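Heads up: the structure comes next, in structure tokens.
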Amino acid sequence: MYNEDLDIYFERDEGMNDTHHSWWDSLPDPLWYTVGKASIDVHCYWFATCHRAHRDLVVQVPKTRRHNFKDTDNLDIFPHLPRMMKHIKKYQPYRQQLVLLRYNGVANALRMFGEENDAINEALSNADVLIRKIQEEMDSNELFETTNLMIYQKLNMLLIPCH
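Residue numbering for the sequence shown follows our numbering, beginning at 22 and increasing consecutively.
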């Protein structure tokens, strides 16, 4: 993206101007900021910009769990799920929590192969498998009664033809 008024580029985690306030002034506060200001613990797993300061709040995200747009590899999330669920269960009696997890397989497939490709169907299938695995992990940790699972879909991706 380019801001003509300020003559600066947004370089998706690459440039020094990526944290410039002009990119975010007209937008609502991010979910993690609103939740954090309500004194709810925020845990981010490869969720874009979650580790960057916003106004007066910074979420501490270990470097191994930070999202980076220049990394085009698909991360295998499955091995991380049991540890995530155990963490939720351990702290749930004491603190409300928000866990943000990013899966970029569909976005990567669209970017690499375009709309008309079998890779899109495979990426969508993998997303379904991941959601099912999350549900199974929640069930095995007895989290269904106390935990909400929300699936967020980015709206500005390419259209996927339905047959």
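Note that CB positions come from ideal geometry on N, CA and C, so glycine has one too. Keep in mind the model is a prediction, meaning the values are calculated, not measured.
Expected contact under 8 Å - CB spacing of MET106 and LEU164 to nearest Å | As a first step, residue 106 is located in the sequence shown; it is residue number 85 there, counting from the start. As a first step, residue 164 is located in the sequence shown; it is residue number 143 there, counting from the start. Indeed, because the Cβ distance is near 7 Å, the residues count as touching under 8 Å.
From this set, ALA128, ILE152 and VAL150, which residue's C-alpha is nearest ILE141's C-alpha?
-> Counting from 1 along the sequence shown, the entry for residue 141 is found at position 120. Closest by alpha carbon: ALA128.
Are the CB atoms of VAL80 and HIS72 nearer to each other than 8 Å?
-> To locate residue 80, count along the sequence shown from 1; it is residue 59. To locate residue 72, count along the sequence shown from 1; it is residue 51. The Cβ atoms of VAL80 and HIS72 sit closer than 8 Å to each other.
Meets three-Cβ-pair contact criterion under 8 Å: the region 115-129 and the region 60-68 = Touching, yes, given that three or more Cβ pairs across the two stretches are closer than 8 Å.
Exposed unless 16 or more other CB atoms sit within 10 angstroms - verdict on MET171 | Counted from its first residue, the sequence shown places residue 171 at position 150. The residue is exposed, with fewer than 16 neighbouring Cβ atoms inside 10 Å.
Residues that DSSP places opposite VAL127 in a beta bridge | Working through the sequence shown from its first residue, we reach residue 127 at position 106. According to DSSP, VAL127 bridges with nothing at all.
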